[in-house]
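Step one of this worksheet: look at the structure below.
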């Protein structure tokens, strides 16, 4: 989950490398106390190497709800099919699914700029919660058969339906379930071992239904967005949509150029009062430090931005 004004806080001072993990630990613990989370976990990686974890009220290796961080898995599935020559950035949903309007391309769907709206998954997800059956095709059909769209094609507007359509397209193209294909094509190759479709949010598979440990998500993030990754090695080769403030939405992540490299980040939230509350955050700074966080609260944007700011200060002070 994200909004157009999200800007990861950056500071000009060089990193004091030896102190960074300790400062991140302190910043995270302080933020957890401030927001009243009872269970929270953070993993810290330096480059592609695990450095340390902070676990509060839970184990560091627990498979947590990724929420919208799972969109990056879907995006990497799409890049896999493009890299194999099966798809191209201009491949359309109608060409793969056989229904819906012409001209809705992979590039637009990946970057939330297909002009879809309103996001009907927001009203559907409460009744789909606690089921593992993938509802990507249901959400795709609702979006693509809708009479008129409230969005503007070519302009960034965050909407789960974009990634639901991608999930339906992946299943239709490969003849496999979305989850089976993406696990083999992406997660197994990344060295991830704890990933599974959540028994509670699996209905939202392509846009918010994965579980894995925060350590494994950091491993996946390095594999995909690190300097040797299919995205990280050449981000300019993949679709991007401007969000404002120098930030762009690319392949399942927000990104911004910084000091000759790229920063990547994303938030996730699952807010079902008295049923499920979970949140997540992942960030990769300057091809140097990566942090992945999970917590048991449904928070507002100010609280999420406070996490972003606290962790960035810890890295860049």
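In mature numbering (1 follows the signal peptide of the UniProt record, and there is no 0), the protein residues as written are -18 to -1, 1 to 299. Cβ coordinates follow ideal geometry from the N, Cα and C atoms, glycine included.
Residue i burial status per 10 Å Cβ neighbour count (16 or more: buried)
i           : result
residue 68  : exposed
residue 66  : exposed
residue 116 : buried
residue 198 : buried
residue 208 : buried
residue 241 : exposed
residue 219 : exposed
residue 132 : exposed
residue 237 : buried
DSSP-derived helix/strand/coil call for residue i
i           : result
residue 24  : strand
residue 189 : helix
residue 253 : strand
residue 212 : coil
residue 145 : helix
residue 4   : helix
Inter-residue spacing [alpha-carbon to alpha-carbon] between residue i and residue j
i           : j           : result
residue 188 : residue 53  : 6 Å
residue 51  : residue 40  : 20 Å
residue 92  : residue 9   : 33 Å
residue 181 : residue 112 : 6 Å
residue 101 : residue 221 : 22 Å
residue 120 : residue 20  : 35 Å
residue 127 : residue 223 : 24 Å
residue 183 : residue 150 : 16 Å
Contacting residues, own chain, Cβ-Cβ under 6 Å from residue i (five flanking each side not counted)
i           : result
residue 26  : 3, 6, 33, 34, 273
residue 258 : 252
residue 200 : 25, 27, 272, 274
residue 310 : Absent from the model: residue 310. The displayed extent of the chain is -18 to 299, so no value can be given.
residue 57  : 92, 233, 234
residue 243 : 268, 269
residue 122 : 146, 147, 150
residue 72  : 87
residue 262 : 48, 49, 51, 250, 276
Nearest-angstrom beta carbon gap, residue j and residue i [assumed within contact, 8 Å]
i           : j          : result
residue 134 : residue 97 : 5 Å
Beta-carbon contacts of residue i that lie in its chain and below 7 Å, excluding the five residues immediately before and after
i           : result
residue 167 : 59, 62
residue 108 : 254
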